[in-house]
Structure formats: C-alpha cells, structure tokens
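See below for the structure under consideration.
Numbering (my numbering), first residue to last: 244 to 788.
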C-alpha cells in the first residue's frame, strides 16, 4: 500500500471529497484506486475562519510501483510502513520461570499482557484494589473527604491514568510502532475504534474502567495471575562475592514471599515508599527534574471560541484543547500540562494530610469547564539532598496546600485576578471550581516557592495574548499540582535491567521512562520484550540507556 500524508480538506467537506482529493493529488483515475483507509485525521485551526482537516491515507493502488517512481521526490508519498507487532520470542513448553510485574497501571498492564501473550504467565502484583472497588474508594475522597491510602487516584488497577482525560498520544520516538500495538489492544478491550485514526485520541475515565477489566480477563485467560492488595515491602537481592547483585524475589505486606529472578518495577510516580525501599536496598536511583504548579479552570465555551471561532461546537472538532509555554525573565519555563477539555479538577492525594490536584475528563468532554495544570519546571538543583529530595519537596508543598485548604482535603483556590494582584481571594466569580470535596478561597502564594509564584504571575498575561480571556479575573486556580512526573529515575541499561541489580526491570512513569498512558504502555511493551529476551537467553549487549 501507499501512504499519502498532509492531504487538506475543508472542515465541512462531503464524504466523497476525500476520495476525489486523493485521486486529484496523485493524478490517477478512479479505477486505479482500489481501496482507501484513513490512517490519521487531524486539523489545522491556525486560521479560525478557514479550519482544515488534515488526512493521512493508506491507499491500495493498481500500480503502486509506478506511482512511487513518479513521486520519488515527494516526501508526502511513500510506501505504507509495516506496523504489525512481532513478538521477540515465546516461552517453550513447560517453562516454569514466571516473571513478576509490580504495578497494574498502563505500563504494568501492557508488560503483563505482552508477557502473557508470549506464554510467560506473569504474576501481576497491585497494592490497590480492582478497578471498580478502587473507583468507590476514590469517590469516597471526592464526596466525603475520606482518603484510602492504598486505594485512590494513584493506587489501584489501571493506575493514575484511569482517572484522567485518557489521552492516547505522545511525542516519544517509536520506530517499532509499539504505540500502535497499545492502541490496537485498547480497541480489542472496548475502546472506540476512532482512537486508531484521530490525531489526538482519548478515551475518558468510564471507558478506561471497562477496558482495564477486559484486559485483565485476557491476561488471566492466557495464564497470567493477578494479586490485588499485595503491596511489595521488600526486594530480595542476592549479592555475589564479586559484588554483583541479582533479584531472587519480593516480599509482600502480608508476610508472604514470591520467588522470581525477573521483576518488572512498574509502580507509577507516587509509590514513594517503594522509592524509599529502592534506596535502602542499594538499587541505583537518582533525582530527576519534574514540575510544580496549580490547576487552572476556564469556561470550556471560551476556549472553544478562542480556538475555533465560528466553528466552536463543531462535532468533528469536539472540545478545544490548548498547549502553552512561556520562558520567564527569571530563567524558568511555565507551561500547560495535562489539559482536560470539558473536564473536572480532581483530588489526587495518596497520603494523609496532603492535597494534590489532577485533571479528568469523560469521553464526551461535556463538563462546563476546561482545566489544565500550569506548572513550572524545576531541577535537582532546586532541591539538593540526594535522590529522594524531590519527594520531600513534593510532600512539603502538598502539606502546605492541605492546611491552606482547611485541613479537610478541600483544596486552596484563588482567582487569577487576585493572584496577579497579590491579594488573597475571599470569594469566587462566575467560574465555578469543579474540585471535590470543595475549595477554600485563599492565597496560593503560600503553597509554592517564590520563584514558581513569580514565574506563573509572569506567564498568565503572556498566555492571555495567545488565548484571549486566559487571564480573566474570575478564572480559578486550585493547588497544588506536584505529580506531573516522577521525581526520581531508576536507571536501567539498554538490556532493560537495573544498572546494578540484574533481574530488576525499572519501567514506566515511576522509573522515569514515560509520561502519560501511551508512553507508559509503550515502555511496558519494551520492558516485556527485555524480560523475554533475558528469560530466553538472547539478551543484547548491556549499555547505558
């Protein structure tokens, strides 16, 4: 097949116009085009008065070779790449060495699925509960202010991505098309087929719940095993006379031990006790940059009008999103993160006495507000003190937010007008904050370092020049957003093993190798392949990665 990219059509084009445009672009008669498949559809809204849809098409042609020769110099006409997934191997009959996967978020889920598909019958350990019980516990915090430390937005089947917008796009390099494998598995599990072709696919929380359940059933049918409410409390590591280290199993909170010489560590960015354990057991970890800030809310209709003009509300375009960045005079960068069109700000705490925010949308993206994190990038130079210093900073900021909100899991909030003027908010305006269990108007300056407050105050007016109304006085900011990414990296080699502990395979967001559902799923697949190669004795030469 032939892939044709960057084919532009008007937003309101007729269905038959797509085929006609492809024929015109290639200069061929209708009889030469045997089949047309939309691989991707995006849009260009830079001119609100003339929004275009942009297509990538896969075409079956009567004489593909002749067309490729004719368009040899055209970068938008190429052979369709082979995106089929190929397993690196399969467990031989009677194979008894079972890998363990710690964590059932997107990374652990895809690692477990691919290992099961290769016949390795993984044991998947999840400290939290099955997804539906976890959902009830999460709503307990949102509705009643009751936090379950082992069952919440961060912990439980599906991971933190379950309570999010369900975005399924990423900017990672993916030469082997592992992202396609992730999307195809999601569709098999019940995700809408459109995620295979829209440029910015998303699922939403409710659909993610049913998908996660379906994928669990598939893993179990293939011989995999889930153990919920099974928190890992120790790593069992053998140290040889030459100082080399190797995994031999894990210990659980109930006192049981699971012997395993291949352990995938896919714990997510909030497993702080696990990071403590890694440091205590001498596993190589290091501090890494992350970001801190607030959630900001605007009316979704305002964002739609600013981005789409007269086309606001168009069903093909859906709810508008945005991506903003500003480089500040103090050397900091402020940017929007995890933008949730038509969504809500949610309580995402996992530890008592701390407040954390996140964003969530349903598939419909039909709620009244748009929300996004507005965050400031920070580096280990901002929090010296070793690999766990970033976690200590997160905790201090989350505790400050808890007390500023009233010490009952309400979140501190402030209007943009008051924030820019440097005065505490006492009342809110027309923009009604969506955070549950509620907000307390106050001064957010007490919840972040001075340099972060100064940077965000500089950035908001700059963002208003890109999206008119962004700095409207009654827009609401809610604090704090501290879990943008893991504050540590659990380093691994190109073979997937920990740098100093063979058989331990750090993976996903918690290990510092992903950010978001799709990239975490891709890393889960890559890690499953590394485990399979190791189990089968076909590892590549180790080198830093």
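The beta-carbon is built from N, C-alpha and C at its ideal position, and this holds for glycine as well.
{"query": "What's the C-alpha gap between residue 557 and residue 606?", "result": "16 angstroms"}
{"query": "If we count the other Cβ atoms within 10 Å of its Cβ and call it buried at 16 or more, is residue 278 buried or exposed?", "result": "exposed"}
{"query": "From residue 586 to residue 678, what distance separates their C-alpha atoms?", "result": "10 angstroms"}
{"query": "Look at the alpha carbon of residue 590 and the alpha carbon of residue 303, and state the distance between them as a whole number of angstroms.", "result": "49 angstroms"}
{"query": "Go through the stretch 262-336 residue by residue and report every complete run of the alpha helix (DSSP H) that reaches 4 residues or more, in order.", "result": "307-313"}
{"query": "Under the rule that 16 or more other beta-carbon atoms within 10 Å means buried, what is residue 416, buried or exposed?", "result": "exposed"}
{"query": "DSSP has residue 445 in a bridge; who is on the other side?", "result": "410"}
{"query": "Within the same chain, show all residues whose beta-carbon is closer than 6 angstroms to that of residue 514, passing over the 5 residues directly before and after it, in chain order.", "result": "753"}
{"query": "Measure the alpha-carbon distance for residue 434 versus residue 426 and round it to whole angstroms.", "result": "8 angstroms"}
{"query": "Starting from residue 657, follow the beta strand (DSSP E) in both directions and report where the run begins and ends.", "result": "654-658"}
{"query": "Please state if the CB of residue 581 and the CB of residue 616 are separated by a distance shorter than 7 angstroms.", "result": "yes"}
{"query": "Should residue 325 go down as buried or exposed, given a rule of 16 or more other Cβ atoms within 10 Å for buried?", "result": "exposed"}
{"query": "Going by the DSSP bridge assignment, what does residue 470 pair with across the sheet?", "result": "368"}
{"query": "For residue 399 and residue 377, which I take to be in contact (beta-carbon distance under 8 angstroms), what is that distance rounded to the nearest angstrom?", "result": "3 angstroms"}
{"query": "Indicate the three-state DSSP secondary structure (helix, strand or coil) for residue 195 in the structure shown.", "result": "Look at the range of the chain in this structure, 244 to 788, and you will see that residue 195 is not part of it."}
{"query": "Mapping the DSSP letters down to three states, classify residue 551 as helix, strand or coil.", "result": "helix"}
{"query": "Compute the Euclidean distance between the alpha carbons of residue 546 and residue 295, then round it to the nearest angstrom.", "result": "18 angstroms"}
{"query": "What do you get for residue 763, buried or exposed, if any count of 16 or more other CB atoms within 10 angstroms of its CB means buried?", "result": "buried"}
{"query": "If I measure Cβ to Cβ from residue 634 and keep anything under 6 angstroms in the same chain, skipping five residues before and after, which residues do I get?", "result": "515 and 730"}
{"query": "Helix, strand or coil for residue 769, going by three-state DSSP, please let me know.", "result": "helix"}
{"query": "Please look up how many angstroms separate the CB atoms of residue 538 and residue 588, rounded, as I've assumed it's under 8 angstroms.", "result": "5 angstroms"}
{"query": "How about residue 438 and residue 411: do their beta carbons lie closer than 7 angstroms?", "result": "yes"}
{"query": "How would you write the range of the alpha helix (DSSP H) that residue 571 sits in, first residue to last?", "result": "From DSSP, residue 571 is part of no alpha helix (DSSP H); its letter is neither H nor E."}
{"query": "Thinking residue 374 and residue 455 are a contact (beta carbons under 8 angstroms), I'd like their distance in whole angstroms, please.", "result": "5 angstroms"}
{"query": "What first and last residue would you give for the beta strand (DSSP E) that runs through residue 685?", "result": "Premise fails: residue 685 is in no beta strand (DSSP E) and is neither H nor E."}
{"query": "What are the start and end residues of the alpha helix (DSSP H) that includes residue 789?", "result": "This structure cannot settle anything about residue 789, because the visible part of the chain is limited to 244 through 788."}
{"query": "So residue 517 is in the alpha helix (DSSP H); what residue range does that whole segment cover?", "result": "515-523"}
{"query": "Terminal residues of the continuous beta strand (DSSP E) containing residue 602?", "result": "600-603"}
{"query": "Counting only runs of 3+ residues fully inside the stretch 576-654, write out the beta strand (DSSP E) ranges in chain order.", "result": "576-590, 600-603 and 612-621"}
{"query": "Using a 10 Å radius around the Cβ and a threshold of 16 neighbouring Cβ atoms, would you call residue 407 buried or exposed?", "result": "buried"}
{"query": "Give me the residue from 639, 527, 627 and 462 with the minimum Cα distance to residue 432.", "result": "462"}
{"query": "Could you give the C-beta distance for residue 300 and residue 260, rounded to a whole number, given that I count them as a contact under 8 angstroms?", "result": "Going by Cβ atoms, the distance from residue 300 to residue 260 rounds to 13 angstroms, so no, they are not a contact pair."}
{"query": "Grab me the residues of residue 786's own chain with a C-beta within less than 7 angstroms of its C-beta, minus the 5 sequence neighbours each way, in chain order.", "result": "Because residue 786 sits at a pLDDT of 41, beneath the cut-off of 50, its placement in the model cannot be relied upon, and the point is left open."}
{"query": "What does a CB cutoff of less than 8 angstroms around residue 342 pick up in its chain, not counting 5 residues either side in sequence?", "result": "358, 363, 365, 366, 503, 505, 506, 507, 774 and 778"}
{"query": "What are the partner residues of residue 250, as DSSP defines its beta bridges?", "result": "298"}
{"query": "For residue 772 and residue 643, I'd like the C-alpha separation in whole angstroms.", "result": "42 angstroms"}
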